[in-house]
Structure formats: C-alpha cells, structure tokens
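Written out below as structure tokens is the structure these notes cover.
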Amino acid sequence: MSVQVIIQKEVDVDGQIRWVGLASLKKDEDQTRILVFPHQGGFKGVALLCKHAGAPLTYSTISDDLIICPLHGFQFDLNGEYGIGFDVERHGDDFIIP
186 MSVQVIIQKE VDVDGQIRWV GLASLKKDED QTRILVFPHQ GGFKGVALLC
236 KHAGAPLTYS TISDDLIICP LHGFQFDLNG EYGIGFDVER HGDDFIIP
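Structure representation (structure tokens):
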C-alpha cells in the first residue's frame, strides 16, 4: 500500500530543495513528520527528527549514503540493513512512499 506525503513546507538548503511533510510510516500509526530530499537521481525520506538527539534534520549534510545531524554530527546510513532512509517517488507535485 502506498502512502501519500502531505507536504507542509519547502526549504532551500544551499541550492537543494527539501520538503518537510507528514506521512503514516506504519499501518494504524499516527502521522510522522518526515524530510524528503533529492538523492542519487531519485528521492529519499527520513524521519524529521534525529534518532539520537531529537534535532531537526532539515539542514543536515547529506553525503553519498549518509545524513549527518547538524546539531552534533552523528552520522546515519540512509541505506542498508540499519539504514534510516526510505524511497520516495515524485508524481508531479505529489510525493508517495511506495
């Protein structure tokens, strides 16, 4: 089942547009604030708040397959077995989590 992302805000971070929105990441769960950003020719999403310190990741550094918390520099893998990222598809102005 696909989940639509409800975009709340568009942010320009050093020339890269990112989006903050809401989505239900698990069945029967309240909506979670997420960050959507361009990544390697597609789009990725992560929970908006850092899992380590709760800081917003909106202005984080994204390098290859890492997202780096702007508050304390903690690095999270976007892919792989323990990755925090998930794929997001863009259809016109809409974002969908497949």
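Residue numbers (the numbering used here): 186 to 283. Note that the Cβ used here is the ideal one computed from N, Cα and C, for glycine as well.
Terminal residues of the continuous beta strand (DSSP E) containing His-257? As a working mapping, residue 257 is identified with position 72 in the sequence shown. Premise fails: His-257 is in no beta strand (DSSP E) and is neither H nor E.
Helix, strand or coil at Ile-247 [DSSP, three-state]: Stepping through the sequence shown from its first residue, residue 247 is reached at position 62. Strand at Ile-247.
Can you find a CB in chain D that lies within less than 7 Å of the CB of Val-188? The displayed structure is made up of one protein chain only, and chain D is not part of it.
Thinking Arg-218 and Leu-233 are a contact (beta carbons under 8 Å), I'd like their distance in whole angstroms, please. Along the sequence shown, read from residue 1 onward, the residue named residue 218 stands at position 33. Along the sequence shown, read from residue 1 onward, the residue named residue 233 stands at position 48. Taking the Cβ atoms as the reference, Arg-218 lies roughly 4 Å from Leu-233, within the contact range of under 8 Å.
Return the Cβ separation of Gln-193 and Leu-207 in integer angstroms, given the expectation that the two are a contact with Cβ distance under 8 Å. If you number the sequence shown from 1, residue 193 lands on position 8. If you number the sequence shown from 1, residue 207 lands on position 22. Yes, Gln-193 and Leu-207 are in contact; Cβ-Cβ is about 7 Å, under 8 Å.
Assuming Val-198 contacts Gly-230 (C-beta within less than 8 Å), just tell me the rounded distance between them. Your numbering for residue 198 matches position 13 in the sequence shown. Your numbering for residue 230 matches position 45 in the sequence shown. Their Cβ separation, rounded to whole angstroms, is 15 Å, which puts Val-198 and Gly-230 out of contact at 8 Å.
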